[in-house]
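Final position of the sequence shown in my numbering is 525; the numbers increase by one with none missing. Beta carbons: idealized from backbone N, C-alpha and C, even for Gly. For reference, the structure discussed in these notes is given below.
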Amino acid sequence: MAFNIDRSASATVPSSTAHPPLYSFQVASVLTVLQRRELTWLYTTAAIIASLLVLEQAVYRYKKRHLPGDSWTIPLIGKFADSVSPSMEGYKKQWDSGALSAISVFNIFIVMASSNEYSRKILNSPTFAEPCLVHSAKQILRPDNWVFLTGKTHVDYRRGLNALFTRKALGIYVGIQEQIARKHLSQWLAHTKENPGPMAIMMPARYCNMDTSLRVFCGNHIPEHAAKEINDKYWAITQSLELVNFPLALPGTKVYKAVQARKVALRWLELAAHNSKIAMANGGEPECMLDQWVQSLADPAYKGRKEFSDLEMAMVLFSFLFASQDAMSSGLIYGFQHLADHPDVLAKVREEQERVRQGDYRKPLTIEMMDEMVYLQAVVKESLRVTPPVTMVPYKATRAFPISDEYTVPANSMVIPSFYNSLHDPEVYPKPDEFKPERWLDANGSANTSPKNYLVYGSGPHRCIGLEYANMNIALTLATAAVMMNFQHEVTPLSDKIDIIATLFPKDGCRLNLSPRNNA
Numbered sequence: 006m007a008f009n010i011d012r013s014a015s016a017t018v019p020s021s022t023a024h025p026p027l028y029s030f031q032v033a034s035v036l037t038v039l040q041r042r043e044l045t046w047l048y049t050t051a052a053i054i055a056s057l058l059v060l061e062q063a064v065y066r067y068k069k070r071h072l073p074g075d076s077w078t079i080p081l082i083g084k085f086a087d088s089v090s091p092s093m094e095g096y097k098k099q100w101d102s103g104a105l106s107a108i109s110v111f112n113i114f115i116v117m118a119s120s121n122e123y124s125r126k127i128l129n130s131p132t133f134a135e136p137c138l139v140h141s142a143k144q145i146l147r148p149d150n151w152v153f154l155t156g157k158t159h160v161d162y163r164r165g166l167n168a169l170f171t172r173k174a175l176g177i178y179v180g181i182q183e184q185i186a187r188k189h190l191s192q193w194l195a196h197t198k199e200n201p202g203p204m205a206i207m208m209p210a211r212y213c214n215m216d217t218s219l220r221v222f223c224g225n226h227i228p229e230h231a232a233k234e235i236n237d238k239y240w241a242i243t244q245s246l247e248l249v250n251f252p253l254a255l256p257g258t259k260v261y262k263a264v265q266a267r268k269v270a271l272r273w274l275e276l277a278a279h280n281s282k283i284a285m286a287n288g289g290e291p292e293c294m295l296d297q298w299v300q301s302l303a304d305p306a307y308k309g310r311k312e313f314s315d316l317e318m319a320m321v322l323f324s325f326l327f328a329s330q331d332a333m334s335s336g337l338i339y340g341f342q343h344l345a346d347h348p349d350v351l352a353k354v355r356e357e358q359e360r361v362r363q364g365d366y367r368k369p370l371t372i373e374m375m376d377e378m379v380y381l382q383a384v385v386k387e388s389l390r391v392t393p394p395v396t397m398v399p400y401k402a403t404r405a406f407p408i409s410d411e412y413t414v415p416a417n418s419m420v421i422p423s424f425y426n427s428l429h430d431p432e433v434y435p436k437p438d439e440f441k442p443e444r445w446l447d448a449n450g451s452a453n454t455s456p457k458n459y460l461v462y463g464s465g466p467h468r469c470i471g472l473e474y475a476n477m478n479i480a481l482t483l484a485t486a487a488v489m490m491n492f493q494h495e496v497t498p499l500s501d502k503i504d505i506i507a508t509l510f511p512k513d514g515c516r517l518n519l520s521p522r523n524n525a
């Protein structure tokens, strides 16, 4: 039988489709293993994330316990959106939910106190809580700023600064304050003459307040353009003062811009401190706060710390700016709005000015003359009560804080005393939303006999050190405006709406029609 070589050969060669080569099995096995590993990694990651999210909610609920507040918090960010765009309606809703209530922002657990009792307890418990202002405050002010000191160290440091706000010191500041107020109010009138119609006074009032503060603090130890630069840059600091901001000071963020603004301010304030020391060493008379400070340190009778570097002095002055610029600007702007909205009150202010100034509206004001303006003082006090510039001040619980018999604030939580409810308590202030300066003229009235409710400047060891200066500055500016100009409020739908930008401001910027008065 013939043997067919071609046929035999083809029969012995395996078909490639029927039997794949070995390397195909190897590639498929590797791909399968990789796919399984990828799926395992995804499942593991998902499980970890889910566990962390569940843990976040569990920790929040554990800390919250029975307090009013959301049962669950938005993962990771919590109420960050409310922190970025706060509203009085949102705050009032939170305060009305209970004397103590809880929220979370960026995993920062926050207890808010709305009652006078709990707010005062936080403010007066330095062994359990310390001011943290806003979450980014230490980055903006610098961690070594004196405002973050606690205990005896804080008390001793503050005692040394009290000399800056004595009656003698305030008497020096009055002349500076009036001079700057007249300068800016004249500029307002010049502006409205060239630009007829209502002027939103919010930003001009802020500049007036900044210029006044810098001249009171530094006198002529910094140049005019420095005051303008600090004022222009400071708006970045105001915008950064959200309750909880983006945690990192990365370029482009609000906190980063605020830190750069602080560096500019400190550079000029250091120069002012240096110049003041030279002026006082050469026998000059005190003309500003820095001069008063340098002179008091050189007094042999002074027993406190005597050596302060230029930077330390600059940081103290910057802390005063930080505490006063937005709060005093808010108080001044609402003071104008309240007077314009109540012409009967404005008329009484003018009558008092006529009596105290004895018809001489160009006569320089003195602290003794300010003492005689009793009705004006009541106006300022009532304006700050109706629309308090600062509605709350954040504190940090340094350890577990037994704030009540039923609840202990966890350590490292933020605990926030609020002032609004105390200032609008109808039992202390009948018809609390009405602007009634007369309530402060009755020494036996509930307003004057319940000082614990008047928390405009806080309470306890961190109560505003410059409250008399702040009141005097607002009063002096309003008094000067009352005799220099007529002002009518252009009421808009936004006039009674509140913009919360660190402190409270009218959403429309307080639009006033201004015109000069002949007698000033």
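Could you work out which residue in the options is closest to residue i when comparing CA atoms only?
| i | options | result |
| --- | --- | --- |
| residue 134 | 115, 120, 300 and 147 | 115 |
| residue 435 | 154, 172, 450 and 287 | 450 |
| residue 220 | 347, 184 and 253 | 184 |
| residue 527 | 110, 343 and 445 | This structure leaves residue 527 out entirely; the chain is present only between 6 and 525. |
| residue 531 | 498, 323, 499 and 509 | Limits of the chain in this structure are 6 at one end and 525 at the other, which puts residue 531 out of reach. |
| residue 3 | 519, 455 and 506 | One cannot answer for residue 3 here, as it falls past the ends of the chain, which runs 6 to 525. |
| residue 326 | 345, 310, 301 and 294 | 294 |
| residue 504 | 338, 310 and 406 | 338 |
| residue 510 | 400, 395, 413 and 168 | 395 |
| residue 155 | 372, 401 and 47 | 401 |
| residue 217 | 117, 334, 147 and 145 | 334 |
| residue 415 | 518, 406 and 99 | 406 |
| residue 393 | 163, 142 and 340 | 340 |
| residue 179 | 130, 254, 476 and 442 | 476 |
| residue 243 | 254, 257 and 263 | 263 |
| residue 211 | 256, 332, 311 and 101 | 332 |
| residue 372 | 411, 213 and 175 | 175 |
| residue 438 | 466, 391 and 118 | 391 |
| residue 502 | 342, 488 and 417 | 342 |
| residue 409 | 51, 127 and 311 | 127 |
| residue 313 | 287, 330, 66 and 281 | 281 |
| residue 253 | 66, 142 and 523 | 142 |
Report the CB separation of residue i from residue j in whole angstroms; it is logged as a contact under 8 Å.
| i | j | result |
| --- | --- | --- |
| residue 468 | residue 459 | About 11 Å separates the two Cβ atoms, so there is no contact after all. |
| residue 246 | residue 319 | The Cβ separation is near 20 Å, so there is no contact. |
| residue 103 | residue 72 | 7 Å |
| residue 352 | residue 445 | Contact doesn't hold; Cβ gap of about 18 Å is too wide. |
| residue 495 | residue 203 | 4 Å |
| residue 260 | residue 144 | 6 Å |
| residue 520 | residue 478 | The pair is not a contact, with the Cβ atoms about 24 Å apart (cut-off 8 Å). |
| residue 412 | residue 105 | 6 Å |
Counting C-beta neighbours from all protein chains within 10 Å, is the total for residue i 16 or more, i.e. buried, or is it exposed?
| i | result |
| --- | --- |
| residue 305 | exposed |
| residue 516 | buried |
| residue 307 | exposed |
| residue 379 | exposed |
| residue 231 | buried |
| residue 139 | buried |
| residue 173 | exposed |
| residue 41 | exposed |
| residue 78 | buried |
| residue 192 | exposed |
| residue 84 | buried |
| residue 177 | buried |
| residue 398 | buried |
| residue 498 | exposed |
| residue 442 | buried |
| residue 283 | exposed |
| residue 369 | exposed |
| residue 206 | buried |
| residue 125 | buried |
| residue 425 | buried |
| residue 53 | exposed |
| residue 514 | buried |
| residue 422 | buried |
Validate contact between the region 222-241 and the region 277-285 using beta carbons, cut 8 Å, 3 pairs: yes
Three or more C-beta pairs below 8 Å linking the region 428-437 and the region 359-367: no
Stretch-stretch touch, CB-based, cutoff 8 Å, three pairs: the region 230-238 with the region 193-200: no
4-residue-minimum alpha helix (DSSP H) runs that sit fully inside the region 114-162, ordered along the chain: 121-128 and 142-146
3-residue-minimum beta strand (DSSP E) runs that sit fully inside the region 344-429, ordered along the chain: 400-402 and 419-422
Inside the region 205-231 only - alpha helix (DSSP H) runs reaching at least 4 residues: 207-223
Cβ contact check for the region 53-69 and the region 375-388: 3 or more pairs under 8 Å: no
4 or more residues per run - each alpha helix (DSSP H) lying fully within the region 45-101: 85-89 and 93-101
Inter-stretch contact at 8 Å, needing at least 3 Cβ pairs: the region 159-171 / the region 470-480: yes
Whole alpha helix (DSSP H) elements within the region 422-502, 4-residue minimum: 425-428, 451-454 and 472-489
The region 472-492 contacting the region 155-164, beta-carbon criterion three pairs below 8 Å: no
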